[in-house]
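Scroll down for the structure; my scribbles are underneath it.
There are 2 protein chains.
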Amino acid sequence: MTARSAPDRLLSVLAAFDHAHPALSLTDISRRAGLTLTTAHRLVSALTEWGALERDASGTYHVGLRLWEVAALAPRGLALRQAALPYLEDLYEATHENVQLAVRDGSEVVYTEWLSGHSAVGVRIRVGARWPLHVTGVGLALLAHSPPEVQEAYCEAPLASCTDHTLTDPVRLRRVLAEVRRTGVAVSSRQVTDDALSVAAAVHGADGTVVAAVSVVVPYADARVPVLVPAVRLAARGISRALGWQPG
Amino acid sequence: MTARSAPDRLLSVLAAFDHAHPALSLTDISRRAGLTLTTAHRLVSALTEWGALERDASGTYHVGLRLWEVAALAPRGLALRQAALPYLEDLYEATHENVQLAVRDGSEVVYTEWLSGHSAVGVRIRVGARWPLHVTGVGLALLAHSPPEVQEAYCEAPLASCTDHTLTDPVRLRRVLAEVRRTGVAVSSRQVTDDALSVAAAVHGADGTVVAAVSVVVPYADARVPVLVPAVRLAARGISRALGWQPG
Chain A
1 MTARSAPDRL LSVLAAFDHA HPALSLTDIS RRAGLTLTTA HRLVSALTEW GALERDASGT
61 YHVGLRLWEV AALAPRGLAL RQAALPYLED LYEATHENVQ LAVRDGSEVV YTEWLSGHSA
121 VGVRIRVGAR WPLHVTGVGL ALLAHSPPEV QEAYCEAPLA SCTDHTLTDP VRLRRVLAEV
181 RRTGVAVSSR QVTDDALSVA AAVHGADGTV VAAVSVVVPY ADARVPVLVP AVRLAARGIS
241 RALGWQPG
Chain B
1 MTARSAPDRL LSVLAAFDHA HPALSLTDIS RRAGLTLTTA HRLVSALTEW GALERDASGT
61 YHVGLRLWEV AALAPRGLAL RQAALPYLED LYEATHENVQ LAVRDGSEVV YTEWLSGHSA
121 VGVRIRVGAR WPLHVTGVGL ALLAHSPPEV QEAYCEAPLA SCTDHTLTDP VRLRRVLAEV
181 RRTGVAVSSR QVTDDALSVA AAVHGADGTV VAAVSVVVPY ADARVPVLVP AVRLAARGIS
241 RALGWQPG
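Going down the list, the protein sequences come from chains A and B. Each residue of the first sequence is one higher than the last, beginning at 1 in UniProt numbering. Each residue of the second sequence is one higher than the last, beginning at 1 in UniProt numbering.
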């Protein structure tokens, strides 16, 4: 085993947990973190005592409530969400469709919030899910407002394809991004799955930079884009104002 | 400085962040964590590289998106929330009042979710807020279904008071808890503030134990408790079923 720093070893225990592995035994953790059982035991005990992990009656470990409380302070996690939630709820009530909030992390979009009532149909995107930027509506809205060098690097790299309708031509993608900047709205039509369409708009922070994007996902067959556009734009502007943005 | 373990030092950096201090300079972190500037710098760098912290343009540190993603796996955090959210939304649409989800952590209730649209009035409880169990509706619902030894220890300790109406008499509290178990519903009337009332019900997990509580908070003056009770009970049963609970 190579020499690893103490922080690196402790963080590797946290990184052992993911959506496919939300509950792990001590043996699982030691294997997934690349640690001896003794080291894993010592680190897991420290994390459990602090509340970053919780041990259930069967001896299985889960992510703990205290880590969740600290993480709730993330400006791009729950803090953004707290400003956005009333507007997301209004958008949900106005459309009764799936509503999402997402941020950019490098070349991916990360969904930090979704609202989906029983009456909504179509794609259900889980919180924490990641997608390439050019595929989804929120991703296009975020990419269109990224620094030029980020957009250039993105368009020069290979563009992953999910359906026959996914934008994989960089020339077309550049044109779409210019159009998103012009209209303020991004539409992803059957780019993720063959039966879904999303309409997204960018959310601005107090300094005017784009910090997030909001979208509605609807079944492609019944999508009434002209009806959705103003609702999504209004929600994005409402959240931006709540974050301290002033138009113009 | 006393000898502290490596995990303890790293976790003290995370613990430096709280609701009153969501953004910290390196100097703040070193002081709040009780670490030398050199050690703080080394640990903050490791946490930032991993994504547990993020550094903004001004050099200030915030909790990072990656920590938020790991924390989203907490069964009592976002995982519970994902099962509960459709029912919380239904409850919100039915009442248009503040809706909460909470869990017990020792002798406190921790709010893990709230929904509050623009039309809702009254108390706004932030995610991650903590209250003594006997004060709030969700707290009473959770305490009433705690193991008997937890209830006994709680009733024997001094009972904090928030208003003139807060339950501070252990004999009365025991009677209220028995009533909550009998009816399945807890009402906290003007116990937190003089103008608010909450109606709460317990949420059961797959094994039948109580894992959370759901509530509606309304202004005391217009509170129509008989109307709220069935809605809150239905939401609690819906979430319980979504978690795998089977009645009877």
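All residues carry an ideal CB built from backbone N, CA and C; glycine is no exception.
- Relative to the Cα of A144/A, the nearest Cα in the group L73/A, A212/A, D164/A belongs to A212/A.
- R190/A sits close to T163/A, with the two beta carbons spaced by under 8 Å.
- Counting other Cβ atoms within 10 Å of its Cβ, P148/A stays below 16 and is therefore classed as exposed.
- Counting only the Cα atoms, P7/B lies some 11 Å from T39/A.
- Within chain B, the residues whose beta carbon sits less than 7 Å from that of R76/A are L65, listed in sequence order.
- Contacts with chain B (Cβ-Cβ distance below 9 Å) from the segment 91-102 of chain A involve Y92, E93, listed in chain order.
- In the DSSP annotation of this structure, the continuous segment of the alpha helix (DSSP H) that includes D28/A starts and ends at 26-33.
- Between G248/A and A206/A, the C-beta gap is not smaller than 8 Å, which leaves the two residues out of contact.
- If you draw a straight line from the Cα of V214/B to the Cα of L173/B, it comes to about 20 Å.
- Cβ-Cβ separation between A202/A and D90/A: approximately 18 Å, too far for a contact (criterion under 8 Å).
- Around the beta-carbon of T136/A, 16 or more other beta-carbon atoms lie within 10 Å, marking it buried.
- Taking the Cα positions, W131/B is about 7 Å away from V110/B.
- With a cutoff of 8 Å on beta-carbon distance, R55/B and T48/B are scored as near each other.
- By the rule that beta-carbons nearer than 8 Å mark a contact, S107/B does not touch chain A.
- With distances taken between CA atoms, P22/A lies nearest to L80/B out of L10/B, L65/B, L80/B.
- With a threshold of 8 Å between beta carbons, D194/A makes no contact with chain B.
- Below 8 Å, too few C-beta pairs join the segment 183-200 of chain B and the segment 57-68 of chain B to call them touching: fewer than three.
- Beta-bridge pairing by DSSP links L101/A to E113/A, V214/A.
- Distance from the Cα of E108/A is smallest, within the candidate group Q82/A, P75/A, A157/A, for A157/A.
- In the structure shown, the three-state DSSP call for A52/B is coil.
- Comparing alpha-carbon positions, the option among V218/B, L115/B, R224/B lying closest to Y92/A turns out to be L115/B.
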